[in-house]
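K.L.:
Chains as they are written, first to last, in the working numbering: chain A, 21 to 193; chain B, 237 to 592. We put the CB at the ideal spot given by N, CA and C, even for glycine. If you're wondering where the values come from, they're calculated on a predicted model, not measured in any experiment.
1) Name the two residues that bound the continuous beta strand (DSSP E) containing residue 581/B.
2) Could you spell out where the alpha helix (DSSP H) holding residue 149/A opens and where it closes?
3) Using a beta-carbon distance below 8 Å, is residue 152/A in contact with chain B?
4) Output yes or no for whether 8 Å exceeds the beta carbon distance between residue 184/A and residue 138/A.
5) Closer than 8 Å, CB to CB, is residue 387/B near chain A or not?
6) Mind listing the chain A neighbours of residue 339/B? Cutoff is C-beta to C-beta under 8 Å, in chain order.
7) Is the shortest distance between the beta-carbon of residue 247/B and the beta-carbons of chain A less than 8 Å?
8) Rounded to whole angstroms, how far is the Cβ of residue 317/B from the Cβ of residue 537/B, which I believe are closer than 8 Å?
9) Please classify residue 173/A as buried or exposed, where buried requires at least 16 neighbouring CB atoms within 10 angstroms.
10) From this set, 360/B, 544/B, 351/B and 399/B, which residue's C-alpha is nearest residue 482/B's C-alpha?
11) Taking the C-alpha atoms as reference points, what is the distance between residue 55/A and residue 94/A?
12) Do residue 267/B and the ligand PLP come close, with the Cβ less than 7 Å from some heavy atom?
13) So, helix, strand or coil for residue 333/B, using DSSP?
14) Quick one: residues in its chain with C-beta nearer than 8 Å to the C-beta of residue 467/B, no 5 flanking neighbours on either side, listed in chain order?
15) Rounded to whole angstroms, what's the CA-CA distance from residue 492/B to residue 432/B? Just pull it up for me.
16) Terminal residues of the continuous beta strand (DSSP E) containing residue 162/A?
17) Among 190/A, 151/A, 157/A and 145/A, whose alpha-carbon lies nearest the alpha-carbon of residue 77/A?
18) Tell me which residues of the region 340-355 of chain B have at least one Cβ-Cβ distance to chain A shorter than 8 Å, keeping chain order.
19) Determine whether the beta carbon atoms of residue 90/A and residue 340/B lie at a separation below 8 Å.
20) Contact criterion: CB-CB distance below 8 Å. Does residue 381/B meet it with respect to chain A?
21) Assuming residue 345/B and residue 390/B are in contact, meaning their beta carbons sit under 8 Å apart, how far apart are those beta carbons, in whole angstroms?
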């Protein structure tokens with residue numbers, strides 16, 4: 021890509037550089053959810069049509085964008101900016117955990133959907149949120165399902181995905 | 237399954253080698269240090285991309301080369317004729333099955349079962365619990381991909397917990413990782429217990445064929461901690477926290493398990509003669525192969541690295557009696573076997589293989 025811009029489209033390269041430097045200067049984290057925003061609160065947090073009492077907790081902004089592209093989630097988000105991983109020096113203090121705690125303690129959250137990765141660090145992070153942040157509050161906590169991609173067949177799915185799909189099977193109605 | 241062709245490039249002392257292995261019995265003959273074991277080591281990679289000789293995977297490339305490549309043509313009961321390629325240079329090793337990249341190790345491990353027998357097997361008796369755990373983990377991982385996943389997650393979780401212990405992590409963080417470790421630990425304990433029992437049943441049958449006098453083999457699971465159910469692991473680790481913090485590592489758990497291996501006359505390590513110990517190791521490997529055959533519905537290949545010559549004539553005859561005819565056997569030695577006409581023989585000199 022770098023060669024293409026340098027050789028084929030040098031003027032596009034200049035535009036790209038000025039756009040990136042403008043974005044770096046103006047874009048910051050939403051003070052509430054951790055999404056990218058040019059204002060203190062992002063468009064999602066300010067959207068009156070969304071149910072901000074239901075939060076989908078994700079690891080990265082990219083995960084939020086993916087969920088937004090799907091159009092499947094009409095609630096709010098909380099971006100942790102990672103997951104617990106002591107080996108990589110990531111504890112609760114390195115994550116956007118404090119603001120999630122504040123949102124929960126404010127008593128306005130009724131549902132948390134934990135859309136964190138399905139590995140030991142992701143699972144431990146879910147456990148930490150449940151035990152340390154939610155505690156005994158009446159908040160419905162769910163974990164997103166892990167299984168076959170939509171339209172995908174069983175034949176070519178790997179064994180880990182098939183196992184997850186079978187583990188999270190549900191009654192057929 | 238059977239190997240029909242092997243091509244190797246830059247593997248240990250083998251710059252390039254191509255062998256026709258399409259025979260039930262293949263023998264590699266040569267002096268010590270010529271490359272017989274290297275070739276068997278390359279064949280042994282297909283079970284789990286592990287070497288039966290070393291844990292240092294970087295040492296397998298030829299000195300001065302960027303990496304090694306291995307190509308295997310295999311006749312497989314389930315998949316038919318399969319072309320398998322393993323390449324290791326910079327970055328992670330890549331595995332291609334019929335040109336398709338293998339993404340997950342859990343989908344590969346055990347698909348092409350091969351059982352190596354070498355003098356190094358005596359470490360299962362004389363070595364540390366870690367040697368025995370590696371043997372059982374590889375056996376159980378090959379039989380069940382879910383075991384392999386539980387093992388991988390467990391070790392990852394223990395490493396995360398150990399880092400928290402060393403760096404004075406909070407109890408809340410420790411509890412979060414302990415909660416996720418517990419189901420994996422439970423699974424490992426359950427599968428190890430059942431797997432060892434199943435292997436012991438086969439080992440007894442094999443050993444009866446192999447040994448002139450039946451001393452009776454002993455194989456049992458010796459768990460590091462007795463826990464009943466997932467919750468009890470969490471409780472145990474919680475109680476252990478202060479001690480673990482002082483030592484900076486998780487002291488209790490399946491990562492410290494052991495397996496008792498011996499003969500009824502007592503621990504083979506202490507009481508067995510050299511011949512009895514070697515006989516027990518050969519029986520254990522044949523039992524492993526028979527278990528693979530029973531559970532995977534694939535006949536494994538036996539790689540016999542210069543060990544039959546170490547057995548007395550009675551035990552050697554017992555080996556052939558215990559060994560199902562269907563197994564392809566690729567063996568090595570410093571002299572040609574007695575019934576050389578039954579074998580496809582190669583002479584091995586300085587990493588080159590010539591039909592003998």
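P.N.:
On the basis of the supplied data:
1) Taking the first residue of the second chain as position 1, residue 581/B is located at position 345. Segment 580-585, the beta strand (DSSP E) holding residue 581/B.
2) Here the question's residue 149/A lines up with position 129 in the first chain. It is not in any alpha helix (DSSP H) - residue 149/A carries neither H nor E in the DSSP assignment.
3) For the purposes of this step, residue 152/A is taken as the residue at position 132 of the first chain. Yes, because at least one Cβ of chain B sits closer than 8 Å to the Cβ of residue 152/A.
4) Walking along the first chain from the start, residue 184/A turns up at place 164. Walking along the first chain from the start, residue 138/A turns up at place 118. Going by C-beta atoms, residue 184/A is nearer than 8 Å to residue 138/A.
5) Within the second chain, the letter at position 151 stands for residue 387/B. Chain A contact via Cβ: absent.
6) Taking the second chain and counting its residues from 1, one reaches residue 339/B at position 103. Within chain A, the residues near residue 339/B are 178.
7) Counting from 1 along the second chain, the entry for residue 247/B is found at position 11. Not one chain A Cβ lies under 8 Å of residue 247/B.
8) Here residue 317/B refers to the residue found at position 81 when the second chain is read from its first residue. Here residue 537/B refers to the residue found at position 301 when the second chain is read from its first residue. So it is not a contact: roughly 15 Å between Cβ atoms.
9) Your numbering for residue 173/A matches position 153 in the first chain. Looking at its Cβ environment, which holds fewer than 16 other Cβ atoms inside 10 Å, residue 173/A is exposed.
10) On the second chain, residue 482/B is found 246 positions in, with the first residue counted as 1. With distances taken between Cα atoms, residue 482/B lies closest to 399/B.
11) As a working mapping, residue 55/A is identified with position 35 in the first chain. As a working mapping, residue 94/A is identified with position 74 in the first chain. Roughly 15 Å separates the two Cα atoms.
12) Summarising the ligand content, the structure contains no ligands, and the ligand PLP is consequently not present.
13) As a working mapping, residue 333/B is identified with position 97 in the second chain. Residue state, collapsed to three classes: strand.
14) One-based indexing of the second chain puts residue 467/B at position 231. Result list for residue 467/B: 418, in chain order.
15) As a position in the second chain, residue 492/B is number 256, starting the count at 1. As a position in the second chain, residue 432/B is number 196, starting the count at 1. Using only the alpha carbons, I get a separation of about 16 Å.
16) As a position in the first chain, residue 162/A is number 142, starting the count at 1. 160-163 is the extent of the beta strand (DSSP E) around residue 162/A.
17) Looking up residue 77/A in the first chain gives position 57. When only C-alpha atoms are compared, the closest one is 145/A.
18) 340, 342 and 343
19) Locating residue 90/A in the first chain gives position 70, where the first residue counts as 1. Locating residue 340/B in the second chain gives position 104, where the first residue counts as 1. Their beta carbons are not under 8 Å apart, which means residue 90/A does not touch residue 340/B by this criterion.
20) What you label residue 381/B is simply residue 145 of the second chain in a count that begins at 1. Yes, residue 381/B lies at the interface with chain A (some Cβ there is under 8 Å from its Cβ).
21) Locating residue 345/B in the second chain gives position 109, counting from the first residue. Locating residue 390/B in the second chain gives position 154, counting from the first residue. With 8 Å as the limit, residue 345/B and residue 390/B do not qualify as a contact, their Cβ atoms being about 16 Å apart.
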